[in-house]
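A quick write-up on the structure given underneath.
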Amino acid sequence: MDKATSDALTPIKLRQKAAKFAKATVNAQMNSFKRIGIWADWDNPYLTLSPEYEAAQLEVFGQMVMRGYIYRGRKPVHWSPSSRTALAEAELEYSENHVSKSIYAAFKITSPSNSGLLDEFLPNVCLAIWTTTPWTIPANAVVAVNPELSYAVVELQSLLESESTSGGKQRKLGSILSSGNEKPFIIVASDLVSVLESKWGVKLVIRKSFPGSVLEYCRYLHPVNGNECSVVIGGDYITTESGTGLVHTAPGHGQEDYLTGLKYGLPIVSPVDDEGNFTAEAGQFSGLSVLGAGNAAVVKYLDEHVSLILEEPYKHKYPYDWRSKEPTIFRATEQWFASVDGFRDAALDAIKRVTWVPSQGENRIVNMISGRSDWCISRQRTWGVPIPVFYHVDTQEPLITEKTIEHIKGIVSEKGSDAWWYMPTEELLPEKYRDKASEYRKGTDTMDVWFDSGSSWAAVSAKRDGLNFPADVYLEGSDQHRGWFQSSLLTSIATTGKAPYSSVITHGFVLDEEGFKMSKSVGNVVDPEKVIVGGKNSKVCCYRNLCYFLVLRSEICLNLVQEEPPYGADVLRLWVSSVDYTGDVLIGSQILRQMSDMYRKLRGTMRFLLANLHDWKPENSVPYSDLPKIDQYALFQLENVVASMKDGYDNYQFYKIYQVCNIFP
């Protein structure tokens, strides 16, 4: 569905279309799972869109509200202009090939700190900053330095003639050098002087050095709006690994910037709208896309006003929207958050009591929980479970209490979450507030999908007969340490004080035979359906009996030379059991052919053994002591095989079972 069609739909119509699509996908996936031979309660699946599930999710949310873990705040979050919503870390995909327009720029100092160390260089001394997001400069509030680093005032003496401007670089220092009668001075980290001299193509001579703490409260001229701003002390995120050692800081557009802003009481400015365009607050850049024309316009402005030192493309890892596959931005907006600090220690303690397979999974989730910020749980989407909050139409103060949540939960359990969109505010409010219904409006935010899936323990394990809470095992891919495993842990710890699982098993990803990620554009995707039923060129051998004879002799049937033969589900299942799933695994035509050969050998051997036992009766058993030594040895080996297989099952090491079967004489 394109954006225009989506925008034209009412919330209820869009939700109906989304529900129809979700249910169709569930049926298709269920049929695929059945064909592969997966054993499950197919007649009673749990669906996050069912009313009873949604009600259980609201119950979890309500308990977190009552415990003080849910709050509303304005802070920078990952924002998708293409989807017009906030995103959680687990909803991001990182591109390793993103190229940003990076710049080095000079901000002119207007007054030094009280130390007087910079007086001799005034009025021609500037701070040099580096950024990969020039569009955030209109929102600049301060420049941050590291108090532990050494900084230097360097004199720009002359351009280096040997330096070229290839590779997309555009040096602008010629303009800076010729902008006044005196040569300019620039402040950078001392350790970066030689690096910057080479990169900028200019001779830099150190005139004075001092610790970063000396620069605190220096004043500089904002390069866009002309206001005076301060130099402040930042954190250990300011290093000499890249940049200049001075960090342009916009509290509305970055997590570290935001924390620095809180420390110094700075305004959280973010002149960007939901679609990623500059607002009127950005002045002459209003209406321009920050990821496109707006970014270029800021760079051009800096160049025209003699602030640009160098512009160059910068290839780096960058977050993209997992749905639209478009780049995201950091943007300060009003959102609902779960305060992880309130139960972080309890979560870390619970992790120790969970069995992690493989064991390194524990370290991975510990690192994620230890370092994660508060969880942004609100989304600006129509499809999903609503955040059950009302806002006062005049003050915008939220109304969210135990009674309002409980009332809405009861409605949702009967009518489903669609009721939030079609029922009037008066009916959604409990009786206590109905006489003031005209003073409130319903919120339009929905919950993060990871809050949806992270409530499954409450909707399924803790509610269904025959199931346990905590669950015995959670099984998913290794990417779910930041997704389902983590969201389930956080919601469960916050409301019950314990982990929702006793064991967690993670698997790697399936790659092609050469170890590359599968891609439709590359044409290396292995479709499980084609593995089972065959591709378009699949054939059935007319010499089936002869083939069986050849298989028993470990020979190859020349009548089955096909690119995509039908292997059946058992060959695919045997392949799954043969690989060490704790890492990434490979699959392709050659691997499948080898697995098919092994399957036929195993099947032929089993059939042969069963055929020899067709008339065997237990009462005719021969005591072990009376058996020939060779038979006793065979039974001894069999006992070892059985023990090894049991051990493999107990430790979820299915590939070891396959290996034992493969080498058993």
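Numbering (the UniProt record's numbering), first residue to last: 1 to 665. From the three backbone atoms N, C-alpha and C, an ideal C-beta is built for every residue, glycine too.
{"Query": "Is the number of C-beta pairs between the stretch 63 to 81 and the stretch 320 to 336 that are closer than 8 Å three or more?", "Result": "yes"}
{"Query": "Gly-62 and Lys-409 look like a contact to me (Cβ under 8 Å); what is the Cβ gap, rounded to whole Å?", "Result": "7 Å"}
{"Query": "So within the stretch 50 to 110, which uninterrupted beta strand (DSSP E) runs reach at least 3 residues, ignoring any that extend past its ends?", "Result": "70 to 80 and 85 to 87"}
{"Query": "Report, in whole angstroms, the separation of the C-beta atoms of Tyr-318 and Ser-95, which I expect to be a contact under 8 Å.", "Result": "5 Å"}
{"Query": "According to the Cβ coordinates, are Ile-587 and Glu-513 closer than 8 Å?", "Result": "yes"}
{"Query": "With Gln-157 and Lys-203 assumed to form a contact (beta carbons below 8 Å), what rounded beta-carbon distance in angstroms separates them?", "Result": "4 Å"}
{"Query": "For the alpha helix (DSSP H) containing Cys-661, name the first residue and the last one.", "Result": "654 to 663"}
{"Query": "Do Ser-455 and Gln-29 have their beta-carbon atoms positioned less than 8 Å apart in this structure?", "Result": "no"}
{"Query": "Going by CA-CA distance only, name the one from Glu-275, Asp-191 and Gly-226 that's closest to Ile-238.", "Result": "Asp-191"}
{"Query": "Between Pro-401 and Val-571, what straight-line distance do the alpha-carbon atoms span, to the nearest angstrom?", "Result": "Residue identity check: residue 401 is Thr in the sequence provided, not Pro. Cα-Cα distance, rounded: 55 Å."}
{"Query": "Which of the three DSSP states is assigned to Thr-491 in this structure?", "Result": "helix"}
{"Query": "Let me know if Arg-207 comes out buried or exposed under the rule of 16 or more other beta-carbons within 10 Å of its beta-carbon.", "Result": "exposed"}
{"Query": "For the putative contact between Ser-453 and Thr-48, defined by C-beta atoms under 8 Å, what is the C-beta separation to the nearest angstrom?", "Result": "7 Å"}
{"Query": "Are Val-76 and Gly-254 close, meaning C-beta to C-beta below 8 Å?", "Result": "As written in the sequence, residue 76 is Pro, which differs from the Val given in the question. Contact: yes."}
{"Query": "Can you name, in chain order, every residue of its own chain whose Cβ lies under 6 Å from the Cβ of Glu-93, other than the five neighbours on each side?", "Result": "Tyr-320 and Trp-322"}
{"Query": "Suppose the cutoff is 6 Å on Cβ atoms and the five residues either side in sequence are ignored; what does the same chain contact list for Trp-420 look like?", "Result": "Pro-386"}
{"Query": "Between which two residues does the beta strand (DSSP E) harbouring Thr-355 extend?", "Result": "355 to 357"}
{"Query": "Straight-line CA distance for Ala-296 to His-222?", "Result": "18 Å"}
{"Query": "Taking the alpha carbon of Gln-396 as the reference point, which residue from Leu-288, Glu-334, Glu-426 and Ser-242 has its own alpha carbon closest?", "Result": "Glu-334"}
{"Query": "For the beta strand (DSSP E) that Tyr-624 lies in, which residues bound it at each end?", "Result": "Note, Tyr-624: premise wrong, no beta strand (DSSP E); not H, not E."}
{"Query": "Looking only at DSSP bridge pairs, what is Glu-312 linked to?", "Result": "Ser-102"}
{"Query": "How long is the line joining the alpha carbons of Tyr-422 and Val-231, rounded to whole angstroms?", "Result": "52 Å"}
{"Query": "Within 10 angstroms of its Cβ, does Gln-590 collect 16 or more other Cβ (buried), or is it exposed?", "Result": "exposed"}
{"Query": "Quick check on the DSSP output: the alpha helix (DSSP H) that includes Ala-19 runs from which residue to which?", "Result": "11 to 36"}
{"Query": "Using DSSP bridges, identify the partner residues of Thr-333.", "Result": "Lys-75"}
{"Query": "Less than 8 Å separating the beta-carbons of Lys-309 and Ala-152?", "Result": "The question names Lys, yet the displayed sequence has Ile at residue 309. Taking 8 Å as the Cβ cut-off, Ile-309 and Ala-152 do not qualify as a contacting pair."}
{"Query": "Can you name, in chain order, every residue of its own chain whose Cβ lies under 6 Å from the Cβ of Tyr-501, other than the five neighbours on each side?", "Result": "Pro-470, Ala-471 and Tyr-474"}
{"Query": "Please state the DSSP three-state secondary structure of His-481.", "Result": "helix"}
{"Query": "Relative to the C-alpha of Ala-90, which candidate in His-614, Lys-530, Asp-236 and Arg-372 has its C-alpha closest?", "Result": "Arg-372"}
{"Query": "Give the DSSP-derived three-state secondary structure of residue 669 in the structure shown.", "Result": "For residue 669 there is no data in the structure shown, the boundaries of the chain being 1 and 665."}
{"Query": "Nearest CA to the CA of His-507: which residue from Leu-291, Thr-582 and Tyr-633?", "Result": "Thr-582"}
{"Query": "Nearest to Trp-375 by CA position, among Val-290, Val-449 and Ser-596, is which residue?", "Result": "Val-449"}
{"Query": "Pick out the complete alpha helix (DSSP H) segments inside the stretch 580 to 613, 4 residues or longer, and give them in chain order.", "Result": "589 to 612"}
{"Query": "Can you tell me the Cα-Cα spacing of Asp-626 and Gln-632, whole angstroms?", "Result": "9 Å"}
{"Query": "Please report how far the alpha carbon of residue 675 lies from the alpha carbon of Ala-462, in whole angstroms.", "Result": "Because the chain in this structure spans residues 1 to 665, residue 675 falls outside the shown range and cannot be described."}
{"Query": "Under the assumption that Cys-229 contacts Ala-141 (Cβ atoms under 8 Å), give the Cβ distance between them as a whole number of angstroms.", "Result": "6 Å"}
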